[in-house]
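Numbering (this note's numbering), first residue to last: 239 to 365.
For every residue, glycine included, the Cβ atom is placed at its ideal position computed from N, Cα and C.
Here's the structure we're looking at; comments come further down.
Following this line, the structure appears as structure tokens:
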């Protein structure tokens, strides 16, 4: 029997996108993620890219077989109110999210991306 220990690390969600320009406008300009890398098998084939904000990594894919549209993910943040202020100040045409205090002791900002995916940024109130 092995004495090795299995260590699991963080997850990397994959979200379905349909339009590179809209994806970059939302994830890079509005949410301020950065592109780490982009991949296409050929110039006219679907895009697969990694975006990140600090330690938060998300994969975005135009490939229909990678995932279904309408996914959801939760991202824990520190200083949710500052994030909210930054997002609202941009006056983004398609999202002006609010902050909700939940019965499970968190504050949350819920934003839908242009492809039907839902991103919930949250901060726990219990510290």
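Reference residue 313, options 354, 249 and 299, closest by Cα: For this step, residue 313 is matched to residue 75 along the chain shown. When each option's Cα is compared against that of residue 313, the closest is 249.
Candidates 288, 243 and 281, of which the one nearest residue 253 by Cα: As a working note, residue 253 is residue 15 in the chain shown. Looking at the Cα atoms, 288 is the closest of the given residues.
Residue 259 - containing beta strand (DSSP E), residue span: Counted from its first residue, the chain shown places residue 259 at position 21. Element bounds for residue 259: not the beta strand (DSSP E) but the alpha helix (DSSP H), 258–262.
Which of helix, strand or coil DSSP assigns to residue 245: Stepping through the chain shown from its first residue, residue 245 is reached at position 7. DSSP places residue 245 in coil when its eight states are reduced to three.
Neighbourhood of residue 330 by C-beta distance below 7 Å, restricted to the same chain and skipping five residues each side: As a position in the chain shown, residue 330 is number 92, starting the count at 1. Closer than 7 Å at Cβ, skipping near neighbours: 268.
Residue 277 versus residue 286 - alpha carbon distance: Looking up residue 277 in the chain shown gives position 39. Looking up residue 286 in the chain shown gives position 48. A direct Cα-Cα distance of roughly 5 Å separates residue 277 from residue 286.
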